[in-house]
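Using the numbering used here, you'd call the opening residue of the sequence shown number 11 and step up by one each time. Just so you know, even glycine gets a beta-carbon here, dropped at the ideal spot from N, CA and C. In what follows, a structure is listed as structure tokens, so that the remarks can point back to it.
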Amino acid sequence: MSSIPRTTQQQVAERSQYRCSYCQSQQRLMGVSLTVDHIIPQSLGGATKVDNLCLVTIMTLKLNRSQLVEARRYWARAGWHPPEPA
11 MSSIPRTTQQ
21 QVAERSQYRC
31 SYCQSQQRLM
41 GVSLTVDHII
51 PQSLGGATKV
61 DNLCLVTIMT
71 LKLNRSQLVE
81 ARRYWARAGW
91 HPPEPA
């Protein structure tokens with residue numbers, strides 16, 4: 011996403027070890043770049059900070075809109091963020 015600084019995108023990608031934060035697909039095996047997305051959308055008050063960003067596949071991004079926003083908010087309030095790689 012162009013509104014997210016490149017250095018922040020790099021931090022998110024490195025933290026995720028270049029895997030989708032949800033399905034754990036590896037970028038190098040996907041054949042396409044992953045993208046950085048807000049856990050809590052900006053439209054709902056989510057900040058563009060590393061702790062509110064995750065690396066996702068384009069498919070996850072398309073499927074992960076309004077129907078999961080409430081779940082994502084709950085996860086964030088509970089202190090859960092996309093899983094850290096093992």
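- Message: Is the separation between the beta-carbon of Arg29 and that of Gln36 shorter than 7 angstroms?
- Response: yes
- Task: Taking Thr18 and Leu63 to be in contact with their CB atoms under 8 angstroms, please state how far apart those CB atoms are, rounded to whole angstroms.
- Result: 7 angstroms
- Roughly how many whole angstroms lie between the Cα atoms of Met40 and Val66? 11 angstroms
- Thr67, DSSP secondary structure in three states: coil
- Message: For Val42, count the other beta carbons within 10 Å of its own beta carbon; 16 or more makes it buried, fewer makes it exposed. Which is it?
- Response: exposed
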